[in-house]
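Residue numbering for the sequence shown is 29 to 69, as defined by our numbering.
So the structure is just underneath, and the comments pick up after that.
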Amino acid sequence: DIDPDWFAGDDVRKLLLTAGASAPEDLLRGVIRMLIDRFGG
29 DIDPDWFAGD DVRKLLLTAG ASAPEDLLRG VIRMLIDRFG G
């Protein structure tokens, strides 16, 4: 689960996202798309 409170405040400028080898690529892309849609990018 991704908690939007993790990204609250103006001091968040970069995010490092990692995934294990078994994580489906479409899941990772979905998370990236959600973060961009919600927080800009």
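Glycine residues also receive a C-beta, built at the ideal position from the N, C-alpha and C atoms.
Every value quoted in this text rests on a predicted model; they were computed, and no experiment measured them.
### Query
Nearest-angstrom Cα distance between Ser50 and Phe35?
Residue numbering aside, residue 50 sits at position 22 when the sequence shown is read from its first letter. Residue numbering aside, residue 35 sits at position 7 when the sequence shown is read from its first letter. About 26 Å.
### Query
Hey, how far is the Cα of Asp31 from the Cα of Leu44?
Stepping through the sequence shown from its first residue, residue 31 is reached at position 3. Stepping through the sequence shown from its first residue, residue 44 is reached at position 16. Rounded to the nearest whole angstrom, the CA to CA distance from Asp31 to Leu44 is 15 Å.
### Message
So, with DSSP's three-state summary, where would you put Leu63?
### Response
By one-based count along the sequence shown, residue 63 stands at place 35. Helix at Leu63.
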